[in-house]
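Protein chains in written order, with full-length UniProt numbering: chain A, 1 to 478; chain B, 1 to 478.
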């Protein structure tokens, strides 16, 4: 024990020095330390005003780098738990913030109130350790050092023209979708996108059918946008237009890779949906969230391309291709909706920051974005193979097979797991520090299919191996 | 005429070489050229596929820098009007985009569909030529070169903690408002802010009273957020709670500096509004959009501070303090609304990009933001004085007096203008290339006060002088 620790025998310091961090959990050490220290402070109001050990002393005690400690301290200073004093030193804040229990969370898409680390097998997340931060920083710096005057002038509320052009080019090259730059609208993600669609293309409260199971947040997003949602159970080919209520004005589907089952909608079903939309004068929103990550075979081109962008609004995003931190998505509109959308946006303006847009445009135009996607595709394909090999021999528990695309596997329950139900298994896994989403928790209709989602894209082989071992032990001792 | 021009005798090139740019209009030359060329292309579908003069040749003909021409070409390439070919050269696109007339615009807060330059006397706009782009680029580069892992991890949907902390510190120093970081929520501007308030703090369709005259876009923003707006005519002290319908659940006011008249709400009226809110269990949204620009005397502290953040939500923005391109605003919530807001945001997630947030946080924490505000304050104070001196002797036309704060002057109509009405004068000014907003166009109720808004902050002395001369001639020849 260092001399500093001997001088300060308070509970807090003792707890801190006794802390044991797990080097193999896949959770960064600084995040573990931040979380542990935050919990200590919440549990111990008497620590208010107390001085924390210097970062060097704590780092020595915990055998971590000093950077790990200063990162944790800085985070908690930013959150208001800790403060610094002009005389030097880091102290517990005099009035600790929000000791109240955290706000209730949405079960499946929780957004906790302080930054936390995602755990395996969280699906739908790119590996942020592979985020090309140096390139990205350079594009940001270049775009803003001598900004195009138009950036600071009256920006087009549809978004920065060269970003819209770059998206157009990307869709032509990667998704077989031909459109004009004029049809591309930059959004602040799916929620913003549905909000704009509701205002420009649908009557108030219009009925929109969605896939069940599907994206768990969809209901909240549509409700917040004034759209009435009607979940419709999918079959082995996806959503069947024969199952749509007659008053349906729109459907949102994930034809390239159904979320979360991974089903690719066959051509016959695609054509049937387009026929339905034409007959009913209805709208299809094609949510194409990660189709670029295809590991084998030719991807089916976007449904919007098959339709010639007549009845289909194509919705894309950079959250999975690059980072959710960007919070940038886009819509590609049928030509007849361009003017109504301009009118809708003209009344309120855009909600999307211009700051990332020119940088993202040059990142795409330079070819570095495509290089990044190809690199991620190699990583993710390798990780999927690795996870499958790590989980080999569990056939009685998990029905797994290689998936030609995507960022997670959707496992059916084997005979040994069938008695438990996917939600109970998910709860048990949570107690072991695993995020193992239940397929049925993505459904609103009764009698939902059972399964477990195994996200692999965001985790390296070490993290996947540790998590697979934990899962193996868990399943065998249920 | 250059040899190049002699070789190409098409209409387009002849029109281009005949173009006359106005060096004294206050509109950048590249923007004038872009606009003129765009209009030529729209008017002349036969130009499709035609080769444009090399930038050097056109620059020589127009006596402008080559950069002016390449900036205009690049912009129109981005918009799809022009294209380049592998063999070199710039060409008119084969299929010119959107030759249809532009979408109808909101009269007072128009967002045109292509980047354009703001004209004097556009109010509510900072001078973007003074935007600290080198500093800003450096902060962006630093924040993203070695990003804090939490930036790419699970960001708090209330926003980046150190930005929320920096806003807290700014409000304490500049606006006399004490709050906890936990009460600050980062938004994508006013529309996003009202949308969040509607979801977290108001019943669906709740009646919100607004100031009349007021912000012309407000009605659209509230409607898009599911709030029912009731404009209420203000008197010389601002909005009077005695005029509020009994079913009012909330009011939005600009007590520090009423938009657009510039009235500062006196303390007695502030207290009366707080009493009203307490008695009715109602909510006040304090829209504090540019109070930092105060040139004389002490600013009245924020109403939210007087209230101790019990009944008042404070709404701020960086659009006028720094740049509308950021599209970043914030709310400061009463403590009792923090948990409902977390619940509301948890269901859909945030719409705000993380990209600018750490850079803005360090820009503020470094003190450079405060330096920038003080610098802008000096510029704007000087510009107001300059504009008043340039318009001296027009007392029969414009009732003008020095304003201790703000970014525009609100002029009453003198006896010589009274017969015309402010909207007619505004229309006439438009034809002369002046943006001269009518006060009555900011009102929805009949019998609105008459006046003209003279924004000066965004324009340098040369532009103000030119515009003041144009205005003088216009007023005297009405």
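Glycine included, every Cβ here is placed at the ideal spot set by N, Cα and C.
Please state the DSSP three-state secondary structure of residue 258 of chain B.
coil
Pick from A:130, A:436 and A:263 that is closest to residue 378 of chain A, judged by C-alpha positions:
Looking at the Cα atoms, A:130 is the closest of the given residues.
To the nearest angstrom, how far is it from the Cα of residue 276 of chain A to the Cα of residue 250 of chain A?
10 Å
Residue 451 of chain A (DSSP reduced to helix, strand or coil)
coil
Give the straight-line distance between the Cα atoms of residue 469 of chain A and residue 390 of chain A, rounded to the nearest whole angstrom.
8 Å
Is residue 369 of chain A close to chain B, meaning its C-beta is less than 8 Å from at least one C-beta of that chain?
no
Does the Cβ of residue 16 of chain A have 16 or more other Cβ atoms within 10 Å, making it buried, or fewer, making it exposed?
buried
Neighbouring residues, chain A, relative to residue 326 of chain B (Cβ below 9 Å):
Near residue 326 of chain B (Cβ distances below 9 Å), the residues of chain A are 353, 354 and 355.
Residue 405 of chain B, DSSP secondary structure in three states
strand
For residue 203 of chain A, does the three-state DSSP call read helix, strand or coil?
coil
Span separating the alpha-carbon of residue 57 of chain A from that of residue 29 of chain A:
16 Å
Cβ pair residue 411 of chain A, residue 349 of chain A closer than 8 Å:
Result no, Cβ atoms of residue 411 of chain A and residue 349 of chain A do not sit closer than 8 Å.
Find the residues of chain A that neighbour residue 437 of chain B, judging by a C-beta separation of less than 7 Å, and give them in chain order.
Here the premise fails: no neighbours, minimum Cβ distance about 15 Å.
Reduced DSSP category for residue 212 of chain B - H, G, I as helix; E, B as strand; rest coil:
strand
Would you identify the three-state DSSP class for residue 438 of chain A, choosing helix, strand or coil?
In the structure shown, residue 438 of chain A sits in a strand (DSSP, three-state: E or B).
Tell me whether residue 101 of chain B is buried or exposed, calling it buried when 16 or more other Cβ atoms sit within 10 Å of its Cβ.
Per-residue confidence for residue 101 of chain B stands at a pLDDT of 31, beneath the threshold of 50, marking its modelled position as unreliable; no derived number is given.
Which bits of chain B does residue 149 of chain A rub up against, with CB to CB less than 9 Å?
28, 30, 31, 71, 115, 117, 128 and 129
Entirely within the stretch 357-382 of chain A and at least 3 residues each: give me those beta strand (DSSP E) ranges in chain order.
none
Would you report the Cα separation of residue 126 of chain A and residue 458 of chain A, rounded to the nearest angstrom?
5 Å
Is residue 227 of chain B helix, strand or coil by DSSP?
coil
Cβ contact (3+ pairs, closer than 8 Å) linking the stretch 235-250 of chain B and the stretch 269-284 of chain B:
Counting Cβ pairs under 8 Å, three or more are found: they touch.
Straight-line CA distance for residue 304 of chain A to residue 419 of chain A?
42 Å
At least one CB of chain A closer than 8 Å to the CB of residue 153 of chain B: is that the case?
Yes - at least one Cβ of chain A is within 8 Å of the one on residue 153 of chain B.
Count the C-beta pairs between the stretch 214-225 of chain A and the stretch 170-186 of chain A that are closer than 8 Å, then say yes if the count reaches three, no if not.
no
Looking at the structure shown, is residue 84 of chain B part of a helix, part of a strand, or coil, going by DSSP?
Here residue 84 of chain B sits in strand by DSSP.
Where does residue 325 of chain A sit, in a helix, a strand or coil, going by DSSP?
Helix, per DSSP.
What is the rounded straight-line gap between the Cα of residue 136 of chain A and the Cα of residue 265 of chain B?
46 Å
What is the residue span of the beta strand (DSSP E) that residue 479 of chain A lies within?
Because chain A here runs from 1 to 478, residue 479 of chain A falls outside it and cannot be looked at.
Residue range of the unbroken beta strand (DSSP E) whose run includes residue 172 of chain B
No beta strand (DSSP E) holds residue 172 of chain B; the alpha helix (DSSP H) holding it covers 161-175.
Mind checking if residue 75 of chain A is an interface residue toward chain B, Cβ cutoff 8 Å exclusive?
yes
What whole-angstrom Cβ distance do residue 333 of chain A and residue 183 of chain A have, given they're in contact under 8 Å?
5 Å
When you compare the CB of residue 347 of chain B with every CB in chain A, is at least one pair closer than 8 Å?
For residue 347 of chain B, a Cβ of chain A is located within less than 8 Å of the residue's own Cβ.
Per-residue contacts from residue 141 of chain A into chain B (C-beta, under 8 Å)
137, 138, 140 and 141
Nearest candidate by alpha-carbon position, reference residue 68 of chain A, set A:84, A:23, A:93 and A:51:
For residue 68 of chain A, the nearest C-alpha among the options comes from A:23.
Please report how far the alpha carbon of residue 492 of chain A lies from the alpha carbon of residue 474 of chain A, in whole angstroms.
Here chain A comprises residues numbered 1 to 478, so residue 492 of chain A is not present and cannot be evaluated.
Closest to residue 118 of chain A by C-alpha separation, out of A:84, A:308, A:337 and A:32, would be which residue?
Among A:84, A:308, A:337 and A:32, the Cα nearest to that of residue 118 of chain A belongs to A:32.
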